[in-house]
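Asks: For reference, the structure I am asking about is given below.
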Amino acid sequence: MSMSKRALATAGLVLALSSVSARSEPQLGQPISDADIAAWDISIPPSGEGLPPGSGTFAEGRDVYAQSCLRCHGEGAAGKPADALVGGQGSLSTDAPQKTVGSYWPYATTLFDYIRRAMPLESPRSLSDKDVYAVTAYILGLNGIIPEDAVMDAASLPDVQMPNRDSFVSWYPSPPR
Amino acid sequence: MRNGIAKRQEALDQADLVAGNGLMSRRALLTAGGRMTVAAAAGGMSALAVSRSAAAEALSVPPSMTVPGAPMSGYGQPSPYEEAVQRGVLKPYGDLAPGTGVSMTPLQHLAGTITPNGLHFERHHNGVPSIDPETHKLLVHGLVKQNLIFTVNDLLRYPMTSRTCFLECSGNSFFNSFPKPMQMPCGMIHGLISGTEWTGIPLATLLDEAGVDPKGKWILAEGADSAGMSRSVPLDKVLDDCLLALYQNGERLRPEQGYPMRLLVPGWEGNMNVKWLHRIKVTEGPTETKDETSKYTDLQPDGIARQFTFPMGVKSVITHPSAGLAMQGPGFYEVSGLAWSGHGTIAKVEVSADGGNSWAEAALQEPVMSMMLVRFRLPWRWDGSLSRLMSRAVDDQGNVQPSHEAWAKQYATGPAGNLYHCNAVQTWEITAEGEIANVYV
Chain L
443 MSMSKRALAT AGLVLALSSV SARSEPQLGQ PISDADIAAW DISIPPSGEG LPPGSGTFAE
503 GRDVYAQSCL RCHGEGAAGK PADALVGGQG SLSTDAPQKT VGSYWPYATT LFDYIRRAMP
563 LESPRSLSDK DVYAVTAYIL GLNGIIPEDA VMDAASLPDV QMPNRDSFVS WYPSPPR
Chain Z
374 MRNGIAKRQE ALDQADLVAG NGLMSRRALL TAGGRMTVAA AAGGMSALAV SRSAAAEALS
434 VPPSMTVPGA PMSGYGQPSP YEEAVQRGVL KPYGDLAPGT GVSMTPLQHL AGTITPNGLH
494 FERHHNGVPS IDPETHKLLV HGLVKQNLIF TVNDLLRYPM TSRTCFLECS GNSFFNSFPK
554 PMQMPCGMIH GLISGTEWTG IPLATLLDEA GVDPKGKWIL AEGADSAGMS RSVPLDKVLD
614 DCLLALYQNG ERLRPEQGYP MRLLVPGWEG NMNVKWLHRI KVTEGPTETK DETSKYTDLQ
674 PDGIARQFTF PMGVKSVITH PSAGLAMQGP GFYEVSGLAW SGHGTIAKVE VSADGGNSWA
734 EAALQEPVMS MMLVRFRLPW RWDGSLSRLM SRAVDDQGNV QPSHEAWAKQ YATGPAGNLY
794 HCNAVQTWEI TAEGEIANVY V
């Protein structure tokens, strides 16, 4: 008992004297390089930081879509049986708002990020980065957000202006006044 | 003993009616027995007193006293007589996406404030992954001095802390955002809520070890499920009270709750409490993932959407009596329910039995903890007439649970209107026949 008390007191002293915080014990994390975490580090913020090499077009995306998405998201991504990915622009302030990638989503980077991590539903992470760029271009093109001849890559995707970009208000840290 | 019971009975009988339609003072509970539980027992007797008619039958020896019982077992199960107490499962995409949906806790069959692990609600976006703790790892990286990777065995050696708190899906009570009240059991409407003792490691410990760059203001938390569930959480909250939870009510997490580890973000949207957690990236700003833009944002009628509405609002619901249960004739009932607030601690719960014309303050079962479910109780003598039971909670930050009308006015309606953060007052209408329905008042 007194041993552990002394140990605690010593720990307190160390805490007071050094910049190493006692709460960091027992320090069992193992260092790992940026290269070795690449397979996991897949989240893409609006800046586009971390977007992989490669590119894709609307025409290429149409094929990817037909192969991997059509059966759930329907012809022209109009929905059924799963979510519609097009349409609804201009509907958000009506009695029947329709939220889709085209009408609601504020960032195009989110579309790339989400498809790459979560779709197709039965085999996520199965598409190549090139295919993800392509199907992203296809969905953005169907929504009239980018021209059909646009090429989506790490440089162009973050620059895509989503129609509903300015209609979100952050309630953190507090609601707007 | 007899004398004591008689005294309590007397106190109950004389209890002031404190609000319309038979609501009795919570002080009847508190003063009569000194303790809420004792007084509640006396209340049960009072109901008997009202309905007592013929004398009971003569007793015989219970069969269970005549033969040896079942032997010991490795892991206990509920009584077979409780088999009907199940989570209610909803699969919005049916067999197309059987792992996408919810299962809801049958609140009308539970008491107290701790949710049994097997009845904790579920919300998954692509099923429950099967994860071997020997291979699962947690990565901490981004704006840190040193990327770090932790095995589960490493993490089990860290100093731990416990936090007993509620966890509520941001979409809880979404049925009450529909234009017409839906008729289903209380738990199917409000059962995306739990009260649990979570045990794990303060996330601050692991972030300290990695050394957070002063530019880091948020984290991105990601799960190792096939939805790659990911949410951004402000670093201030993370360092304040977030846990890497490994245990749930004393045992290791259930697979549905994120085995082997989940993020715990007390009081905030359930979706942020990322399950099967395997990666924390310290970032400058929010990552703007699908589940903080397309979903879990709250659309207003003017087409503007509220984003990052993290704390779950002050809320209460009467679970007894409630839809899914039936009244057993006029007489004494203990009205009881759950209250909680993601902004702090419940300060007061009021109950009405006359559709909101008059209100009485309910007794709060101790302990009353910040960001945890609180059980409230109030004695009621139902006269058998059409009655509307409601509860309204207030927290210590002065937040008051809104009426259904006031809540709904803030948001877009329609099939793709807002489903999130529904903390409107719940009204249960009790008919003379003893049926209980969901109504909007």
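Line by line, the protein sequences are chains L and Z.
Positions 443 to 619 (this note's numbering) are the ones given, in order, by the first sequence.
Positions 374 to 814 (this note's numbering) are the ones given, in order, by the second sequence.
Note that CB positions come from ideal geometry on N, CA and C, so glycine has one too.
Note that the structure is a prediction, hence the values are computed from the model and not measured.
(1) From Z:798, Z:755, Z:680, Z:709, pick the residue whose C-alpha is nearest to that of residue 608 of chain L; which is it?
(2) Specify, as a first and last residue, the run of the alpha helix (DSSP H) that residue 779 of chain Z falls within.
(3) Tell me which same chain residues have a C-beta within less than 7 Å of the C-beta of residue 544 of chain Z, skipping the five on either side of it?
(4) For residue 713 of chain Z versus residue 746 of chain Z, is the C-beta spacing smaller than 8 Å?
(5) Which chain L residues are close to residue 677 of chain Z, counting only those with a beta carbon under 7 Å from its beta carbon?
(6) Report yes or no: do the segment 497 to 512 of chain Z and the segment 455 to 467 of chain Z share at least 3 C-beta pairs separated by less than 8 Å?
(7) Name the chain Z residues that come within less than 9 Å of residue 518 of chain L, Cβ to Cβ?
(8) Report yes or no: is there a C-beta of chain L within less than 8 Å of the C-beta of residue 619 of chain Z?
(9) Going by alpha carbons, who is nearest to residue 370 of chain Z out of Z:482, Z:434, Z:442, Z:469?
(10) Should residue 432 of chain Z go down as buried or exposed, given a rule of 16 or more other Cβ atoms within 10 Å for buried?
(11) Hey, residue 654 of chain Z and residue 568 of chain L are a contact pair by Cβ (cut 8 Å); roughly how many whole angstroms apart?
(12) Quick check: the segment 676 to 695 of chain Z against the segment 769 to 781 of chain Z, are at least 3 beta-carbon pairs closer than 8 Å?
(13) Cβ closer than 8 Å: which chain L residues qualify as neighbours of residue 654 of chain Z?
(14) If you check the beta carbons only, do residue 678 of chain Z and residue 719 of chain Z fall under 8 Å apart?
(15) Identify whether residue 727 of chain Z lies in helix, strand or coil by the three-state DSSP scheme.
(16) Please determine, among Z:514, Z:512, Z:524, the residue with the shortest C-alpha to C-alpha distance to residue 506 of chain Z.
(17) Is residue 654 of chain Z helix, strand or coil by DSSP?
(18) Taking 8 Å as the cut-off, decide whether the C-beta atoms of residue 605 of chain Z and residue 591 of chain Z are in contact.
(19) Within 10 Å of its beta-carbon, does residue 532 of chain L have 16 or more other beta-carbons around it, so buried, or fewer, so exposed?
(20) If you follow the alpha helix (DSSP H) that residue 876 of chain Z is in, where does it begin and where does it stop?
(21) Would residue 474 of chain L count as contacting chain Z if we go by Cβ distances under 8 Å?
(22) In this structure, how does DSSP classify residue 632 of chain Z when only helix, strand and coil are distinguished?
(23) Return the Cβ separation of residue 571 of chain Z and residue 620 of chain Z in integer angstroms, given the expectation that the two are a contact with Cβ distance under 8 Å.
(24) Quick one, which of Z:595, Z:561, Z:743 has its alpha-carbon nearest residue 492 of chain Z's?
(25) I'd like to know if the segment 779 to 798 of chain Z and the segment 550 to 565 of chain L are in contact, where contact means that at least 3 CB-CB pairs between them fall below 8 Å.
(26) In chain order, what residues of the same chain lie with their CB nearer than 8 Å to the CB of residue 601 of chain L, ignoring the 5 residues before and after it?
(27) Per DSSP, what are the beta-bridge partners of residue 538 of chain Z in this structure?
(28) So with CB distances below 8 Å, who are the chain Z contacts of residue 541 of chain L?
(29) Do you know how far the Cα of residue 613 of chain L is from the Cα of residue 512 of chain Z?
(30) Please classify residue 581 of chain Z: is it buried, with 16 or more other beta-carbons within 10 angstroms of its beta-carbon, or exposed?
(31) Could you tell me the alpha carbon to alpha carbon distance between residue 729 of chain Z and residue 710 of chain Z, rounded to whole angstroms?
(32) Hey, which unbroken runs of the beta strand (DSSP E) at 3 residues or more fall wholly within the segment 483 to 522 of chain Z?
(33) Take residue 785 of chain Z and list the residues in its own chain whose beta-carbon comes closer than 8 Å to its own, dropping the five residues that flank it on each side.
(34) Could you check whether the segment 506 to 520 of chain L touches the segment 574 to 589 of chain L, counting it as contact only if at least three pairs of C-beta atoms, one from each stretch, sit closer than 8 Å?
(35) For residue 772 of chain Z, decide whether its Cβ has a neighbour in chain L, counting only Cβ atoms nearer than 8 Å.
(36) Taking the alpha carbon of residue 587 of chain Z as the point to measure from, which residue in Z:609, Z:573, Z:598 has its own alpha carbon closest?
Replies: Here's the rundown:
(1) Z:680
(2) 777 to 782
(3) 565, 792, 793
(4) yes
(5) 609, 611
(6) no
(7) Ordered by position in chain Z, no residue passes the 9 Å Cβ test against residue 518 of chain L, which lies about 19 Å from the chain.
(8) no
(9) Residue numbering for chain Z in the displayed model covers 374 to 814; residue 370 of chain Z lies beyond these limits and cannot be assessed.
(10) exposed
(11) Actually they are not in contact, since the Cβ atoms of residue 654 of chain Z and residue 568 of chain L sit about 23 Å apart, beyond 8 Å.
(12) yes
(13) 483, 485
(14) no
(15) strand
(16) Z:524
(17) strand
(18) yes
(19) exposed
(20) Outside the shown range of chain Z, which is 374 to 814, sits residue 876 of chain Z, and nothing can be said about it.
(21) yes
(22) coil
(23) 7 Å
(24) Z:561
(25) no
(26) none
(27) Z:569
(28) 667, 672, 789
(29) 29 Å
(30) buried
(31) 17 Å
(32) 495 to 497, 510 to 515
(33) 672, 673, 674, 676, 791
(34) yes
(35) no
(36) Z:609
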